[in-house]
Structure formats: structure tokens, C-alpha cells
Amino acid sequence: MKSPYDIIIRPVLTEKSYEAMNDKRYTFEVAVTAGKTEIKYAVEQIFGVKVKSVNTMRILGKMKRQGRTQGRRPERKKAYVTLTEASKGIEFFEGMAQ
888 MKSPYDIIIR PVLTEKSYEA MNDKRYTFEV AVTAGKTEIK YAVEQIFGVK VKSVNTMRIL
948 GKMKRQGRTQ GRRPERKKAY VTLTEASKGI EFFEGMAQ
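In short: position in the sequence shown from 1, add 887, done, that's my numbering.
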């Protein structure tokens, strides 16, 4: 199994994700090959919280062109992690959501 730090790439910090933090729902950019169980395990290991559910979304890269040459930006995967009611919030986000 991969290291938890290889699965979670970075947090996604947008207005929508800040509003969801009140409901103990956090958004992360994760490895494209990661499954829901791996994401759940990684969040629980890194932040020391209890995860209720994980929803994922794959984002296909945009087509870009420069002259005649076409290419595609890399694809990404986002994970929406919901914590249990009894679990404490993630301290990393506490100062940012104000």
C-alpha cells in the first residue's frame, strides 16, 4: 500500500469548500489512481480523525493548443471527505475558514 502522503496531494481551498467545512466536509486533491478506501485510510492516518464517507470526482484535463500542436492538461481527482459527528475537525483548516 502507498504512503498516505502519496495519496493526498493537497487541500482544495475555494469558497465552496470553506462553506462545506461547517458540515465537517473537506476537499482534497488526491492521486488519480487512489480508491475511496485508500483515501479514507490516508485522511485518518494523517489528521487523526474518523471518516464517515468519501466521494470522488475525476476531472479530465482541458484541451490546449499552441499553433498546430494540440495537447491536454493533466487530469486530476478530487475527494470530498465527510467526517463523523463525534470526530473533531481537522486542525489544519481551522485557522483558514474564518
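The beta carbon of each residue, even a glycine, is placed where N, CA and C say it ideally should be.
Exercise. Pick from Lys949, Gly935, Tyr892, Thr924: whose alpha carbon is nearest that of arginine 959?
Worked result: Lys949
Exercise. Are three or more beta carbon pairs between the region 960-968 and the region 933-950 nearer than 8 Å?
Worked result: yes
Problem set entry | phenylalanine 934 and isoleucine 977 closer than 9 Å at C-beta | yes
Problem set entry | Nearest-angstrom Cα separation, counted from arginine 952 out to methionine 908 | 37 Å
Exercise. Leaving out five residues before and five after aspartate 910 in sequence, what residues of the same chain have Cβ atoms less than 8 Å from its Cβ?
Worked result: Thr969
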